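Numbering (my numbering), first residue to last: 381 to 704.
Rendered as structure tokens:
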């Protein structure tokens, strides 16, 4: 074999030996690029998820602040007078319906109050900060606002009373506000998070007390056109209702959780028909339904306790079984 042929054979062998090395280096480079791209995609997905979670965590606090702002707005509207009106036509319209607007703002605050809890559970992120902020908002919307609206309504449409009786009416509103603050503080420290507490409350919940007061105000404002004498009687009854609902908030009486007990889960056809009927009544005459329904819910606690005691007293004693 000639020297040239031997060199050609060795060169071809070297080229065949380098081909797998080149293929392996190219595959390593491609896998490195794919891993970097995958890492970049995961990082973007992770950052996007964190931003989404941060936005979800942010929403419950916004709903809670909406609750507080509605309560503050209700007090501002209820305190509207001729000095604030000027020549603004919208302000004049608001002045004519200020108690209706204030009552509706409290009900909107209830919607925000229900929404912030749902958003927090949806995000699976409940914090002590959110709980404390929620209680502060409830003190404003369901403690201070209903009492202030009721006092302003009595001052505007009620009789002129001597100094002692006017201060007594003010004291009833102060008792309501104090009981609302105590109710919310007790709820914060009692840690009522057991399964049985998902279906009942110890004491009238503050939204229920506020609903009874402002719902009664809606009813009174509705009766001003059709039954003015009855509407005037409602003004006289309003301070007593404020005092009673305030005391019921700190009473050791169980109240049902309407949503968890009656609306969640699978229900019967009769209950579905009842729910549709309530919705239709709300559409037709929502002021009557809200006023009567909220007051009945507030008063059913002591009524059920009284009924249970009367039933227990009138129940026949079981005779002892004769000895054999």
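Don't be surprised by glycine CBs; every beta carbon is placed ideally from N, CA and C.
A quick note: this is a predicted structure, and the numbers were derived from the prediction, not measured.
{"query": "Can you give the Cα-Cα distance for residue 658 and residue 511, rounded to whole angstroms?", "result": "32 angstroms"}
{"query": "By Cβ distance, which residues of its chain are closer than 7 angstroms to residue 563, with the 5 residues on each side in sequence left out?", "result": "583, 586, 629, 630"}
{"query": "Would you kindly work out how many angstroms separate the C-alpha atoms of residue 614 and residue 600, rounded to a whole number?", "result": "6 angstroms"}
{"query": "Return the bridge partner residues of residue 580 from the DSSP annotation.", "result": "636"}
{"query": "For residue 524, which option in 488, 554, 514 has the closest C-alpha, if you only look at C-alpha atoms?", "result": "554"}
{"query": "Which class does residue 433 belong to by DSSP, given the choice of helix, strand or coil?", "result": "Note that residue 433 scores 48 on pLDDT, short of 50, meaning its location in the model is unreliable; the coordinates nonetheless yield the value given after this. It is helical."}
{"query": "Determine the contact status of residue 483 and residue 598, defining contact as a CB-CB distance below 9 angstroms.", "result": "yes"}
{"query": "For a quick check, are the C-beta atoms of residue 595 and residue 675 less than 9 angstroms apart?", "result": "yes"}
{"query": "Apply the 10 Å Cβ neighbour rule to residue 541 and answer buried if 16 or more other Cβ atoms are within range, or exposed otherwise.", "result": "exposed"}
{"query": "Got a sec? Which residues, its chain only, sit under 6 angstroms from residue 490 by beta carbon, not counting five neighbours each side?", "result": "587"}
{"query": "Identify the continuous alpha helix (DSSP H) that holds residue 671 and give its terminal residues.", "result": "649-694"}
{"query": "At the level of alpha carbons, what is the spacing between residue 550 and residue 648?", "result": "46 angstroms"}
{"query": "On a CA-only basis, which of 444, 635, 616 is nearest residue 496? Give me that one, please.", "result": "444"}
{"query": "Quick one: give me the first and last residue of the alpha helix (DSSP H) that residue 553 is part of.", "result": "543-570"}
{"query": "Roughly how many angstroms separate the alpha carbons of residue 683 and residue 567, rounded to a whole number?", "result": "23 angstroms"}
{"query": "What is the rounded straight-line gap between the Cα of residue 589 and the Cα of residue 447?", "result": "16 angstroms"}
{"query": "Pull up the distance between the alpha-carbon of residue 359 and that of residue 609, whole angstroms please.", "result": "Outside the modelled stretch of the chain, which goes from 381 to 704, sits residue 359, for which no answer is possible."}
{"query": "Would residue 591 pass as a contact of residue 670 if the rule is Cβ separation under 9 angstroms?", "result": "yes"}
{"query": "Looking only at its chain, what residues have a beta carbon closer than 8 angstroms to the beta carbon of residue 432, apart from the 5 residues adjacent to it on each side?", "result": "At residue 432, the pLDDT of 47 sits below 50, so the modelled position is not reliable; the number obtained from the coordinates is stated separately. If we look at residue 432 and ignore the five residues flanking it on each side, it has no Cβ neighbours."}
{"query": "Going by the CB atoms, is the gap between residue 619 and residue 479 shorter than 9 angstroms?", "result": "no"}
{"query": "Use the C-beta contact count for residue 328: other C-beta atoms within 10 angstroms, 16 or more gives buried, fewer gives exposed.", "result": "Nothing can be reported for residue 328: it is not among the residues displayed for the chain, which extend from 381 to 704."}
{"query": "Give the straight-line distance between the Cα atoms of residue 527 and residue 450, rounded to the nearest whole angstrom.", "result": "15 angstroms"}
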